[in-house]
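Shown next, in structure tokens, is the structure this report addresses.
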Amino acid sequence: MTPWESKIFAGTIRDWAIYVPAQYDKDKPAALMVFQDGEGMRNVSGRWRVPVVFDNLIARGDMPPTIAVFINPGHDKSKPRQGNKSSNRGFEYDSLGDRYARFLIEEILPEVESRYNISTDPKMRAIGGSSSGAICAFNVAWERPNQFQKVFSSVGSFTNLRGGNVFPSLVRKTEPKPIRMYMADTSGDVDNAFGSWPWANQQMASALKYMGYDVRFDWAEGYAHNADFGGSRFPEAMKWLWRNEAHTPVLDTRGDLKGDLTLLRLLVPNQTWEVVADQLGFADAPCADAEGNFYFSDMKAPAIYRVDATTGERTVVAKESVSGLEFAPSGLLIGCQGSKSQIISIDPRTGDTQVIAGNVKPNDLAVTADGFALITETQAQQVTRINLATGEVSVADVGITRPNGIALSNDGGTLAVSDYGGESTWTFRVNSIG
């Protein structure tokens, strides 16, 4: 293929190639697999020998007719290629975000699709690589599971080269995505200033397993940060990755602590998201009562609405605009009215409102089981405590640049506050006096 000059990775040029199996039929969509570090992956004298492995597996029916795209990392086209001095590999492969996924989807795949009939089913699209090419492959599927749902990883760099060490944590804290992943690593993999590759891969595999992903992790003692073990397992990995078998998640939450607000405790198995209400206007301040009825504020109406959990019927609770809304132990709704510098209570049955406290500029709030409201005052850069019974106001914390969102854990013991003006979410322990 003609060397590719990228627009998304401006100023770079790269070599790439396409493998087409003998069984390809232009009238039938072929499966697709993309490989990073393509030159090494397609070398029939190397450890991977992808064309040879694909020829054999496809001929035996162990995988569908699959077109493979081999892509090298880009390099600075204005400089001579001398080793890796002008390579863009680390930036392209190890960075988080959707840039590389966009490069594939917006630049490379349209060119491939102009030549060959490729399936648009993400279950029939795989992506893989080794080392940084492996974390790159997972990141593409993570960012675009509507495009790729199969991942091959050998000695994956899930370490802090460019932030990839966060993936095990992200996997555990994100609703599972429809990704099937094969992983291979060894005890002899590299351990350096950026992290331990063996430990990082074990952490990643553990996180995927915990969240119920279709994952296989092959491990061996010895070896090194190379293709020896992964290359030896590659044919079996492809058979497993392309197997025609539905995955049934197996979840084990025995290690979850009582107060843990885990996704596995919140999500209903085998259920997808459903629309509860739409056309909500300028919607804010969502909350629900014990019966599951949904409440929200349309700040422009202005009005607070209740959506019946059974019928979906929408009724007006009160003609008030609030930016935060929660139920108090008393059964009253507590609302933030920063424009009026006050916190109010709303009776959900009658719509009657009462001012609880003034001279505050609330943005959002959380309500404790002991009858305290904890509000964020963004401009004042503080979290403020309000006794709902007496209206007494006191400062709980100062120093957060622009405190905004605020929420309590299920057990009421941990308060989380987002910093709209920074990059952190702050957590606090909450005692019986808020």
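The C-terminal position of the sequence shown is numbered 435 in this note's numbering, with every residue numbered one higher than the one before it.
All C-beta atoms, glycine included, are put in the ideal place defined by N, C-alpha and C.
Check	Outcome
Secondary structure at Ile106, three-state DSSP: helix, strand or coil?	helix
Given this structure, state the Cα-to-Cα distance separating Arg90 from Tyr101, to the nearest angstrom.	11 Å
Nearest chain B C-beta to Trp241 closer than 8 Å, yes or no?	No chain B is present in this structure, which holds just one protein chain.
Let me confirm a value: Phe149 is counted as buried when at least 16 other C-beta atoms fall within 10 Å, else exposed. Which label applies?	buried
For Ala25, collect the residues of the same chain with a Cβ closer than 6 Å to its Cβ; drop the 5 residues on either side in sequence, then sort them by chain order.	The question names Ala, yet the displayed sequence has Tyr at residue 25. Only Ala31, Pro66 meet the Cβ criterion.
Within 10 angstroms of its Cβ, does Glu107 collect 16 or more other Cβ (buried), or is it exposed?	exposed
Give me, in chain order, the residues of the same chain whose beta-carbon lies closer than 7 Å to that of Ser1; leave out the 5 immediate sequence neighbours on both sides.	Outside the displayed range of the chain (2 to 435) lies residue 1, so it cannot be described from this structure.
Quick check: the Cα distance between Asn118 and Leu33, rounded to an integer number of angstroms?	10 Å
Which residues mark the beginning and the end of the alpha helix (DSSP H) in which Ala127 is found?	That residue, Ala127, is in no alpha helix (DSSP H); its beta strand (DSSP E) goes 126 to 131.
Taking the Cβ atom as the reference point for each residue, do Met182 and Tyr214 lie within a distance shorter than 8 Å?	yes
So, is His76 buried or exposed, given that buried needs 16 or more other C-beta atoms within 10 angstroms?	buried
To test your reading of the DSSP string, which unbroken alpha helix (DSSP H) runs of 4 or more residues are found completely within the segment 8 to 93?	39 to 43, 51 to 61
Which runs of the alpha helix (DSSP H) at least 4 residues long sit entirely within the segment 324 to 385? Give them in chain order.	none
Could you give the DSSP three-state label for Phe168: helix, strand or coil?	helix
Out of Glu378, Val167, Gly372, Phe36, which one is the CA nearest neighbour of Gly359?	Glu378
Straight-line CA distance for Ile128 to Phe36?	6 Å
Give the secondary structure of Asp229 by DSSP, where H, G and I count as helix, E and B as strand, and everything else as coil.	helix
Is the distance from the Cβ of Ile407 to the Cβ of Ala381 below 8 Å?	no
Taking the alpha carbon of Asn161 as the reference point, which residue from Ser331, Asn193, Val152, Ser419 has its own alpha carbon closest?	Asn193
Where Gly47 and Phe159 are concerned, what is the direct C-alpha to C-alpha distance, given to the nearest angstrom?	24 Å
For Tyr211, report the span of its alpha helix (DSSP H) as first-last.	198 to 211
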